[in-house]
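Note sheet for the following structure.
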Amino acid sequence: MSENSALVVVDVQNGFISEADELPVPGGAEVVPIINALMPLFAIRVATQDWHPKDHLSFASQHPGKKPFDRGVLGGLPQTFWPDHCVQGTRGAELHPGLDQTRIQAVIRKGYDPLVDSYSGFSDNAGRNPTGLDGYLRAREVTRIYLAGLALDYCVRWSSLDARRLLPEALVFVIVDATRPVDRQTGTEALRELAQARIHLVQSGEVRAGIVQATALE
1 MSENSALVVV DVQNGFISEA DELPVPGGAE VVPIINALMP LFAIRVATQD
51 WHPKDHLSFA SQHPGKKPFD RGVLGGLPQT FWPDHCVQGT RGAELHPGLD
101 QTRIQAVIRK GYDPLVDSYS GFSDNAGRNP TGLDGYLRAR EVTRIYLAGL
151 ALDYCVRWSS LDARRLLPEA LVFVIVDATR PVDRQTGTEA LRELAQARIH
201 LVQSGEVRAG IVQATALE
């Protein structure tokens, strides 16, 4: 693997895996050993971490009459209202203990502004609070960005699209078997959108075998 390749591990946290009363992603635990096997291949390894205040307005609990997964508007943007999850300082917000955190070089927190949701590891949904992830990758002259983690149809999706937009000089890959969707249908839609955005969809076996073939996508 090139020294200019980065692995971005998206939101592999207890709240998305093992906390039944938060927002567990079906099959979420399955991505952990796959990601662990991939990390030694990369010189640059970054994790994102959902880090919500307890009164985050994306939580259905903050809106009387709203139930988890109801839809509405937040800050002028379409919003799915979620169960409380990944609240700062709680077990749910912690990176999953099965993830080999000794190999993570930086953790980028997101979702701390209570007024807007934040799916992307690069910025909140309104683009008001950049996390600095693009600068971190650019400073290390990254030319290939590989993304894995949770969930495919939300945070992996938005992070991948932002990587493509903010770092146009880099090739962007989603390691499909190292991610899982909240919902199968929206997961399929996400893969279609990513492909249309000229993001490479690959399998972990291809990455481990060093057989990923990609050229610049003008």
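Heads up: the sequence shown at position 177 corresponds to 177 in the UniProt record's numbering, and the numbers run straight through without jumps. Just so it is clear, CB atoms sit at the ideal spot from N, CA and C, and this is done for glycine as well.
Counted within 10 angstroms of its Cβ, other Cβ atoms place Val10 as buried (16 or more) or exposed | The residue given as residue 10 occupies position 10 in the sequence shown. So Val10 counts as buried.
Opposing strand residues paired with Tyr119 [DSSP bridges] = The residue labelled residue 119 in the question sits at position 119 within the sequence shown. Tyr119 is not bridged to any residue.
Thinking C-beta only, is Ala170 closer than 8 Å to Ile35?
-> Sequence index remark: in the sequence shown, residue 35 carries index 35 (1-based). Sequence index remark: in the sequence shown, residue 170 carries index 170 (1-based). Taking 8 Å as the Cβ cut-off, Ile35 and Ala170 do not qualify as a contacting pair.
Hey, how far is the Cα of Gln79 from the Cα of Val156?
-> Within the sequence shown, residue 79 is the residue found at index 79, counting from 1. Within the sequence shown, residue 156 is the residue found at index 156, counting from 1. Near 17 Å, if we compare the C-alpha coordinates of Val156 and Gln79.
Considering only residues of the stretch 32-69, which uninterrupted alpha helix (DSSP H) runs meet the minimum length of 4 residues and lie entirely inside it, listed in chain order?
-> none
Between which two residues does the beta strand (DSSP E) harbouring Val174 extend?
-> Counted from its first residue, the sequence shown places residue 174 at position 174. Where Val174 is concerned, the enclosing beta strand (DSSP E) starts and stops at 171-180.
Check each candidate in Ala43, Tyr154, Cys86, Ala29 and name the one with the smallest Cα separation from residue 219.
-> With the chain running from 1 to 218 in the structure shown, residue 219 is simply not present.
Considering only residues of the same chain and omitting the five flanking positions on each side of His52, which have a CB-CB separation below 6 Å?
-> Locating residue 52 in the sequence shown gives position 52, where the first residue counts as 1. Around His52: Cys86, Val87, Gly111.
Counted within 10 angstroms of its Cβ, other Cβ atoms place Thr188 as buried (16 or more) or exposed = As a first step, residue 188 must be located in the sequence shown, where it is residue number 188. Exposed, because fewer than 16 other Cβ atoms sit within 10 Å of the Cβ of Thr188.
When DSSP builds the beta bridges, which residues end up paired with Ser5?
-> Your numbering for residue 5 matches position 5 in the sequence shown. Looking at the DSSP assignment, Ser5 forms a beta bridge with Arg144.
When DSSP labels each residue in this structure, what does Arg198 get in the three-state scheme?
-> Within the sequence shown, residue 198 is the residue found at index 198, counting from 1. DSSP places Arg198 in coil when its eight states are reduced to three.
Between the Cα of Gly15 and the Cα atoms of Ser5, Pro26, Ala6, which residue gives the shortest distance?
-> Locating residue 15 in the sequence shown gives position 15, where the first residue counts as 1. The residue with the shortest Cα to Cα distance from Gly15 is Pro26.
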